[in-house]
Amino acid sequence: MTLPRHEFTKSWEWKSRIDAGDISAKAVVEEYLGRIEKDSTNSFISVNADAALKAAEIYDPAIGKAKPLAGTPVALKDALITKGLKTTAGSKILENYIPPYNGTVVTKVDDGGLINLGKLNMDEFAMGSSGESSAFGRTKLPQDESRVPGGSSSGPAAAVAGNLSPISLGTDTGGSIRQPASFCGVVGMKPTYGRVSRYGVVAFASSLDQVGPFALDSMDCALAMETISGFDEMDSTSAQMRVPAYGDAVQFLREDAARREKFSKSLRIGIPKQYFKEGLDAEVRTSVETSVELLKFNGASVVEIDLPHSEYALAVYCVVAVSEASANLARYDGVRFGLREMPAEEKTSLDQMYEASRGVGFGEEVKRRILLGTFALSSGYYDAYFKKACQVRALVVQGFHKAFKHCDVILGPTTPTPSFVSGGKKDPLQMYLNDIYTVPVNLAGLPALSMPCGETKSGLPIGLQVVGPAFSEQVLLETCASLEFLLDKKG
Amino acid sequence: MASEKLFIDRALMDKTARLARLQLSDDEKNMYMRDLEKILSYVDLLNQVNTDGVEPIVHGIPQETRMREDEPRALEDKHTKEIVSCSSDAIYEQYRVPQVIGGET
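Residue numbers (our numbering), protein chains in the order written: chain Z, 5 to 495; chain Y, 652 to 756.
The following block contains the structure:
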């Protein structure tokens with residue numbers, strides 16, 4: 005098995021061919037739709053074939069030329085609200101929900117001239133790390149269908165790795181972009197909290213959720229980031245920050261050896277000792293260490309850093325994420341939208357209707373997390389669980405701030421292991437441990453990406469996580485581009 | 652945080668399910684009682700951390716709540732229709748629910 009990014013056509017490559025008149029946007033869309041039709045990974049929940057073909061047919065290269073990804077296809081995690089197109093969040097409770105509006109990210113994708121191929125499978129309400137908890141069946145790892153593609157953005161990762169879409173968008177609350185990107189061998193970025201609007205994103209945990217891209221390389225990831233980032237008055241947590249030209253930054257680095265050398269020599273890499281302890285797979289460790297050595301050999305400085313509270317981050321997440329989720333998911337009551345279930349009793353109360361609708365509509369993991377969150381926020385337990393977790397969260401954040409005084413980026417494994425066999429993790433806590441390296445980043449609101457850095461002997465992709473200070477996405481993408489170059493050269 | 656291991660009995664499970672407005676079968680309740688105990692006992696790890704004097708935070712990145720002008724934004728009639736039509740039981744652009752007034756609460 006080779007890494008897919010070497011074999012598949014990237015969006016920026018399609019774009020230059022479309023702009024040059026070598027191929028039409030419609031022919032590109034048809035090629036992907038043809039592959040989606042034969043897909044056996046269950047990456048898509050709904051395919052937007054007719055609308056995609058129509059959009060491709062009327063695409064005018066003369067108008068789209070100025071936009072970096074106009075005319076190329078994209079596919080969206082089914083947590084992104086799409087007007088007139090079913091949006092399920094992987095749940096039975098939203099099985100027939102057709103939203104009357106577009107989320108901001110969807111509007112930006114439309115305005116950017118990208119063509120939406122359809123909505124992608126996911127763990128129900130983004131709660132899962134394996135793609136197995138969708139109400140629409142599990143997503144399979146394209147490289148080995150007996151294994152999981154990771155989650156919760158299982159479809160977005162598998163679609164790019166399986167060549168069903170060159171770019172996709174997912175969401176990341178505790179690792180839901182980076183972990184599946186790692187398992188599938190693609191690039192996945194979780195932006196800084198506030199960089200990308202959350203308006204029109206099905207909410208899981210509002211202080212942690214961010215939308216971000218999956219791509220075959222740093223260039224496509226950069227262009228997708230440029231397309232979706234920016235201030236939005238519809239999201240009260242949206243950041244009023246200028247969006248850098250990420251695509252230009254990556255391109256300069258790729259084309260100019262002197263610039264690459266200068267970047268490598270100025271890069272200060274932090275290695276958190278806590279991320280290389282027991283539980284880390286030996287092959288993952290070796291691949292990550294080799295990547296760090298490559299950067300070091302090319303001039304980067306490497307320092308060991310201390311993230312003293314990182315071992316508590318998952319426990320913090322177990323409280324904070326579910327508490328926020330229990331409040332966010334209270335909206336699914338069977339009244340205004342989504343499934344309504346009426347109990348059989350002749351005289352039914354409003355509460356009985358709520359309970360029945362939610363009892364039938366939500367799946368096992370979602371109910372587990374709602375119960376846990378409800379408990380942590382309930383009278384008598386709030387201080388002991390929620391408040392304590394928010395205090396430790398403050399310490400986790402402080403740890404990052406201190407670390408970034410000594411380095412520009414933090415490098416480490418994205419996940420403790422490569423993809424595992426479906427059905428292999430029945431214990432919820434074992435499943436949560438998948439996110440042990442990714443969760444701290446969400447608690448601190450920082451940007452991070454996962455990029456492929458090697459494979460196991462059996463051919464499973466291994467992911468490297470690159471974390472930076474708030475709004476340092478450009479440095480992360482440049483690090484990714486530099487390492488891609490070095491790994492390609494190494495062969 | 653409770654220093655002793657938390658025991659979730661059936662009454663506490665019933666109360667939590669009720670607060671969460673979740674109808675659960677007996678089998679589900681038994682499973683979630685075990686799961687919650689296990690996860691909360693993992694969360695007890697936080698007891699090892701001294702948080703005396705640490706201000707709790709609810710966002711990773713400090714930010715002020717941005718306010719907008721308090722001006723109503725008109726919704727067009729067609730939008731009301733579109734929004735209400737997402738309900739599985741709406742009539743005359745209003746949601747229909749089981750009787751609330753004068754019935755059970």
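From the three backbone atoms N, C-alpha and C, an ideal C-beta is built for every residue, glycine too.
Endpoints, alpha helix (DSSP H) assigned at residue i
i               : result
E259 of chain Z : Y250 to E259
R661 of chain Y : R661 to L670
D355 of chain Z : L354 to G365
C411 of chain Z : No alpha helix (DSSP H) holds C411 of chain Z; DSSP gives it neither H nor E.
V735 of chain Y : D728 to V735
N106 of chain Z : Segment: none, N106 of chain Z is in no alpha helix (DSSP H) and carries neither H nor E.
G50 of chain Z  : Before going further, note that residue 50 of chain Z is Ser rather than Gly in the sequence given. That residue, S50 of chain Z, is in no alpha helix (DSSP H); its beta strand (DSSP E) goes F48 to V51.
V471 of chain Z : V471 of chain Z -> not in any alpha helix (DSSP H); beta strand (DSSP E) instead, spanning P465 to V471.
F379 of chain Z : E368 to L381
L333 of chain Z : Note, L333 of chain Z: premise wrong, no alpha helix (DSSP H); not H, not E.
K406 of chain Z : K392 to A407
M684 of chain Y : D677 to V694
Among the options, the one whose alpha carbon lies nearest that of residue i
i               : options                           : result
G427 of chain Z : Z:P77, Z:F140, Z:S150 and Z:H10   : Z:S150
A24 of chain Z  : Z:L433, Z:A66 and Z:N46           : Z:A66
S692 of chain Y : Y:K656, Y:E744, Y:P749 and Y:A662 : Y:K656
A407 of chain Z : Z:Q356, Z:R272 and Z:K266         : Z:R272
F475 of chain Z : Z:V445, Z:Y105, Z:E11 and Z:A485  : Z:V445
Y746 of chain Y : Z:A55, Z:Y36, Z:F235 and Z:D337   : Z:D337
N302 of chain Z : Z:S270, Z:Y279 and Z:L311         : Z:S270
E706 of chain Y : Z:R362, Z:P473 and Z:Q395         : Z:Q395
R39 of chain Z  : Z:L168, Z:P103, Z:Y101 and Z:A304 : Z:L168
D224 of chain Z : Z:S172, Z:V205 and Z:A207         : Z:S172
G94 of chain Z  : Z:L57, Z:G135 and Z:A243          : Z:G135
K144 of chain Z : Z:P153, Z:S137 and Z:K281         : Z:P153
H730 of chain Y : Y:E715, Y:G753, Y:M684 and Y:E744 : Y:E744
S291 of chain Z : Z:L284, Z:G458 and Z:P170         : Z:G458
R397 of chain Z : Z:V320, Z:K351, Z:Q214 and Z:L490 : Z:V320
P451 of chain Z : Z:G274, Z:P195, Z:L118 and Z:A161 : Z:P195
V200 of chain Z : Z:A286, Z:T111, Z:V339 and Z:F187 : Z:T111
L480 of chain Z : Z:K494, Z:R373, Z:G179 and Z:G192 : Z:G192
D216 of chain Z : Z:H405, Z:P184, Z:R246 and Z:M245 : A quick correction: the sequence has Gly, not Asp, at residue 216 of chain Z. Answer by Cα proximity: Z:P184.
T108 of chain Z : Z:E315, Z:A262 and Z:I85          : Z:I85
Q147 of chain Z : Z:M357, Z:S157, Z:G75 and Z:T460  : Z:T460
Cβ distance (whole Å) where residue i is taken to contact residue j below 8 Å
i               : j               : result
E230 of chain Z : P72 of chain Z  : 6 Å
K30 of chain Z  : A60 of chain Z  : 4 Å
L318 of chain Z : I440 of chain Z : 5 Å
Q469 of chain Z : T418 of chain Z : 4 Å
Y203 of chain Z : D239 of chain Z : 5 Å
E308 of chain Z : K277 of chain Z : 6 Å
F208 of chain Z : M126 of chain Z : Wrong, their Cβ atoms sit about 10 Å apart, outside the cutoff.
W98 of chain Z  : P170 of chain Z : Correcting the residue type first, residue 98 of chain Z is Leu in the shown sequence and not Trp. So it is not a contact: roughly 27 Å between Cβ atoms.
D82 of chain Z  : L124 of chain Z : 6 Å
A329 of chain Z : L697 of chain Y : At roughly 19 Å, the Cβ-Cβ gap does not stay under 8 Å, so A329 of chain Z and L697 of chain Y are not in contact.
V178 of chain Z : V443 of chain Z : In the sequence as presented, Val is not what sits at residue 178 of chain Z; that position holds Gly. Between V443 of chain Z and G178 of chain Z the Cβ distance is about 5 Å, and since that is below 8 Å, they are a contact.
S47 of chain Z  : A163 of chain Z : 4 Å
Beta-ladder partner(s) of residue i, from DSSP
i               : result
N302 of chain Z : Partner(s): none; N302 of chain Z has no beta bridge.
F218 of chain Z : Z:S172 and Z:G192
S233 of chain Z : Z:V200
K81 of chain Z  : Z:L124
Y746 of chain Y : Y:A741
R151 of chain Z : Z:V425
S454 of chain Z : Z:G192 and Z:Q469
T86 of chain Z  : Z:L89
V307 of chain Z : Z:G274
E459 of chain Z : Z:P465
I119 of chain Z : Z:P77
V205 of chain Z : Z:L84
Limits of the unbroken beta strand (DSSP E) element including residue i
i               : result
R272 of chain Z : R272 to P276
V479 of chain Z : No beta strand (DSSP E) holds V479 of chain Z; the alpha helix (DSSP H) holding it covers E477 to K494.
M126 of chain Z : No beta strand (DSSP E) contains M126 of chain Z, which DSSP labels as neither H nor E.
K30 of chain Z  : First-last for K30 of chain Z: A29 to E41, but that is the alpha helix (DSSP H), not the beta strand (DSSP E).
Exercise. Would you list, in chain order, the members of the segment 350 to 379 of chain Z that have their beta-carbon closer than 9 Å to a beta-carbon of chain Y?
Key: Contact annotation: in the segment 350 to 379 of chain Z, residues whose CB is within less than 9 Å of a CB in chain Y are K351, T352, S353, L354, D355, Q356, M357, Y358, E359, A360, S361, R362, G363, V364, F366, E368, K371, R372, I374, L375, L376, G377, T378 and F379.
Quiz item: In chain order, what residues of the segment 446 to 475 of chain Z put their CB closer than 8 Å to some CB of chain Y?
Solution: So the list reads N446, L447, A448, G449, L450 and A474, given in the order they occur along the chain.
Self-check item: Contacting positions in the segment 231 to 259 of chain Z - beta carbon closer than 9 Å to chain Y
Solution: Those would be E237, S240, T241, S242, A243 and Q244, in chain order.
Quiz item: Given a limit of 9 Å on CB to CB distance, which residues of the segment 667 to 687 of chain Y reach chain Z?
Solution: Cβ contacts with chain Z: T667, A668, R669, L670, A671, R672, L673, Q674, L675, S676, E679, M682, Y683, D686 and L687.
Quiz item: Relative to chain Z, which residues along the segment 694 to 712 of chain Y have a C-beta separation below 7 Å, given in chain order?
Solution: Going along the segment 694 to 712 of chain Y in chain order, one finds V694, L696, L697, V700, T702, V705, E706, P707, I708, V709, H710, G711 and I712 with a Cβ nearer than 7 Å to chain Z.
Quiz item: Residues in the segment 713 to 728 of chain Y with C-beta within 8 Å of chain Z's C-beta atoms, listed in sequence order?
Solution: Against chain Z - using a Cβ distance shorter than 8 Å - the residues of the segment 713 to 728 of chain Y are Q714, T716, R717 and R719.
Self-check item: Residues of the segment 390 to 420 of chain Z with Cβ closer than 7 Å to any Cβ of chain Y, in chain order
Solution: If the cut-off is 7 Å between Cβ atoms, the segment 390 to 420 of chain Z has K391, K392, A393, C394, Q395, V396, R397, A398, L399 and V401 near chain Y.
Self-check item: Contact set between the segment 278 to 297 of chain Z and chain Y, restricted to residues whose Cβ is under 7 Å from the partner
Solution: For the segment 278 to 297 of chain Z, which is checked against every Cβ of chain Y, not one residue is closer than 7 Å.
Quiz item: Just by C-beta distance, which residues in the segment 422 to 439 of chain Z are closer than 9 Å to chain Y?
Solution: Cβ contacts with chain Y come from D431, P432, L433 and Y436.
Practice problem: Select from the segment 187 to 199 of chain Z all residues with a C-beta closer than 8 Å to any C-beta belonging to chain Y, and list them in chain order. | Solution: For the segment 187 to 199 of chain Z, the set of positions with a beta-carbon nearer than 8 Å to some beta-carbon of chain Y reads T196, Y197 and G198 in chain order.
Quiz item: What residues in the segment 62 to 92 of chain Z bring their beta carbon closer than 8 Å to a beta carbon of chain Y?
Solution: Those would be none; no residue qualifies.
Quiz prompt | Selection of the segment 299 to 317 of chain Z by Cβ proximity to chain Y, strictly under 9 Å | solution = Of all residues in the segment 299 to 317 of chain Z, H313, E315 and Y316 have a Cβ within less than 9 Å of some Cβ in chain Y.
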